[in-house]
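**Student:** Here the numbering used here = 1-based position in the sequence shown + 226. First the structure, then my questions, so here it is.
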Amino acid sequence: MNHRAVSLALLGGALLAAPAGAQETHRVEISAVETDVPIDNSGNMRHMWTFDGAVPGPVVRVRQGDTVDFRLHNDSESQESHSMDFHAARVDVLEEFAEVSPGESKEYTFTADYPGVFIYHCGADAMSEHIARGMYGVIIVDPAEGYSEQYPEPDREYVLVQGDLFEAGSSPDAITMGRNWEASLINGKVFHYSPVHDPNASLVLEGKPGERVRIFYVNANVNESAALHPIAGIWDRVWDNGNPKNVRHGMQTVEVPPAHGAVFDLVAPDDRPTNNAIVDHRMRHALNGAVSVIMFHDDADPDLGRGDKLTPR
Ligand SMILES: [Cu+2]
């Protein structure tokens, strides 16, 4: 059976929003695949360890109270054991998050008890190497109560995952200690959405003047926090961990530690087209890949930031 096709089909279904109040069970299947993937807009390839063959792995989306029936399959071509640590799960690290050998599978079930945006990552030894080589992704847990005055419905949604790129062949110890650091990846690529910094960047985030755009942000760096700022804008609201109860207003720069997430709303001026650059204001990160341009204009692609286009690729 083609596990990747199965998991993508299931995840496609999971992306459809459930009606408020209904509790569902989501069958989610993800494969650990060691493969070459492009790490920039020029198509330069790097041997990475991935979930479902891409960095980051697929977006999993459920509602608070839902059950996730999860299956991790470690591809038979893998050289390494891998595991799956969902930060949205309350389970046993020794059982559910145990390593899976090449060619083997493991299933476990959890309920998504807390709303928010959570990282998932491989926890196999050495964990820093497995994360730095690309084994991470996002699970969004929408609040059970749905949208509210405190957590308004956005016009568009994007998922941004930031990670490290280390020089090829870096040892686990070098990665852990921060040596051989090369660049920042946004959704798996250096300057993925920044034609300002990379003329080969063909994608940007888009919205229309006056729209509320929601960014589900996760920091998958091994060691370093991110300082998220929307250049030429102000975060209208920020929810720490993406939980509607953890709201802050009118923020300029918000620190997101490694293996954490936050939800950021940007409301564009409604009287003119504007552009913002969402940066990790830690300049070492910004100037080495962590810039994402968002353009607000009347001709914005109506499909971007909606349905299954939360992670433009
Ligand atoms: Cu792994």
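Even for Gly, the Cβ is constructed at its ideal location relative to N, Cα and C.
In terms of residues, what are the limits of the beta strand (DSSP E) holding E255?
**Tutor:** From DSSP, the beta strand (DSSP E) with E255 extends over T251 to P264.
**Student:** Taking all protein chains shown into account, decide if A350 is buried (16 or more other Cβ within 10 angstroms of its Cβ) or exposed.
**Tutor:** Counting Cβ neighbours within 10 Å, A350 comes out buried, since at least 16 surround it.
**Student:** Per DSSP, what kind of secondary structure is S518 in: helix, strand or coil?
**Tutor:** S518 falls in the strand class under three-state DSSP.
**Student:** Does the Cβ of H313 lie closer than 7 angstroms to at least one heavy atom of ligand 1?
**Tutor:** No.
**Student:** Considering only their Cβ atoms, is the gap separating D506 from A516 smaller than 8 angstroms?
**Tutor:** Closer than 8 angstroms, so yes.
**Student:** Using the three-state DSSP reduction, which class does Y399 fall into: helix, strand or coil?
**Tutor:** Before going on, a small fix: residue 399 reads as Asp here, not Tyr. Three-state DSSP puts D399 in a helix.
**Student:** Which whole-angstrom value describes the C-beta separation of A452 and V416, a residue pair presumed to lie in contact below a C-beta threshold of 8 angstroms?
**Tutor:** The pair is not a contact, with the Cβ atoms about 15 angstroms apart (cut-off 8 angstroms).
**Student:** Apply the 10 Å Cβ neighbour rule to S233 and answer buried if 16 or more other Cβ atoms are within range, or exposed otherwise.
**Tutor:** Unreliable positioning characterises S233 in this predicted model, as indicated by a pLDDT of 40, which lies under 50. The coordinate reading is nonetheless provided below. Per the 10 Å Cβ criterion, buried.
**Student:** Put M509 into one of helix, strand or coil per three-state DSSP.
**Tutor:** Correct three-state label for M509: helix.
**Student:** With a threshold of 7 angstroms, establish whether the CB of M361 neighbours any heavy atom of ligand 1.
**Tutor:** M361: yes, Cβ under 7 angstroms from ligand 1.
**Student:** Considering only their Cβ atoms, is the gap separating D295 from H252 smaller than 8 angstroms?
**Tutor:** Taking 8 angstroms as the Cβ cut-off, H252 and D295 qualify as a contacting pair.
**Student:** Are the region 325–343 and the region 358–377 touching, with three or more C-beta to C-beta distances below 8 angstroms?
**Tutor:** Because the criterion of three Cβ pairs below 8 angstroms is met, the region 325–343 and the region 358–377 touch.
**Student:** From D301 to P328, what distance separates their C-alpha atoms?
**Tutor:** Approximately 6 angstroms, taken between the alpha carbons.
**Student:** Considering only heavy atoms of ligand 1, does any lie closer than 7 angstroms to the CB of H356?
**Tutor:** For ligand 1, at least one heavy atom lies less than 7 angstroms from the Cβ of H356.
**Student:** Within 7 angstroms: the Cβ of E306 and any heavy atom of ligand 1?
**Tutor:** Result yes, Cβ under 7 angstroms from ligand 1.
**Student:** Run through DSSP, which three-state label would A394 get?
**Tutor:** A394 falls in the coil class under three-state DSSP.
**Student:** Would you be able to state if there are at least three C-beta pairs under 8 angstroms between the region 396–405 and the region 369–379?
**Tutor:** At 8 angstroms Cβ cutoff, the stretches do not touch.
**Student:** Which one of L391, Y373, V285 and K332 has the shortest CA to CA distance from R359?
**Tutor:** Ranking the options by Cα distance to R359, first place goes to L391.
**Student:** Cβ of A350 within 7 angstroms of any heavy atom in ligand 1?
**Tutor:** Result yes, Cβ under 7 angstroms from ligand 1.
**Student:** Report buried or exposed for E322, applying the criterion of at least 16 other Cβ atoms within 10 angstroms of its Cβ.
**Tutor:** Answer is buried; the Cβ neighbour count reaches 16.
**Student:** Closer than 8 angstroms by C-beta to Y373: which residues in its own chain qualify, once you throw out the five before and the five after it? Chain order, please.
**Tutor:** Hits under 8 angstroms: E379.
**Student:** Is A485 close to ligand 1? I mean its beta-carbon at under 7 angstroms from any heavy atom of the ligand.
**Tutor:** No, Cβ of A485 sits at least 7 angstroms from all heavy atoms of ligand 1.
**Student:** Under the DSSP definition of a beta bridge, which residues are partnered with N445?
**Tutor:** DSSP, once it has assigned bridges, lists Q388 and H486 as partnering N445.
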